[in-house]
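Single-structure report; data block below.
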Amino acid sequence: MKALAYTHTMRSVADDLREELQGEVLRLPFEERMALALRLGERGLELFRQASGLDRETAIRELQRQRQAGRTPSKCMSELIG
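In my numbering, each residue's number is its place in the sequence shown (first place is 1) plus 1.
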């Protein structure tokens with residue numbers, strides 16, 4: 002038996018839009034989803050690069066450094082990203 006909630010759960014327009022967009026993406030063929038993911042990644046990198054005033058390679062290294070923050074130090078990664 003499902004428990005009844007004391008108050009009605011509100012759904013936001015953002016929740017509805019998120020579900021709609023997720024459904025649209027999941028209906029895409031795999032190749033198109035991969036292409037979309039790569040385009041979004043490039044767009045995010047460009048936005049970060051512009052906001053930080055960095056060139057592309059420096060922005061990539063900075064994002065890699067941030068991703069490694071808090072992880073167990075790795076000699077290999079230290080050599081790759083500084």
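The C-beta atom is built at its ideal place from N, Cα and C for all residues, glycine as well.
- Note on the region 39 to 80: whole alpha helix (DSSP H) runs with a minimum of 4 residues are 57 to 69, in chain order.
- The continuous alpha helix (DSSP H) containing L18 extends over residues V14 to R28.
- The beta-carbon separation of I82 and R72, rounded to 12 Å, does not stay under the 8 Å limit for a contact.
- Nearest to R50 by C-alpha distance, out of R40, G24 and I61, is I61.
- Here DSSP, grouped into helix, strand and coil, assigns M35 to helix.
- Residues of the same chain with a CB within less than 8 Å of the CB of R57, apart from the 5 flanking positions on each side, are L46 and R50 in chain order.
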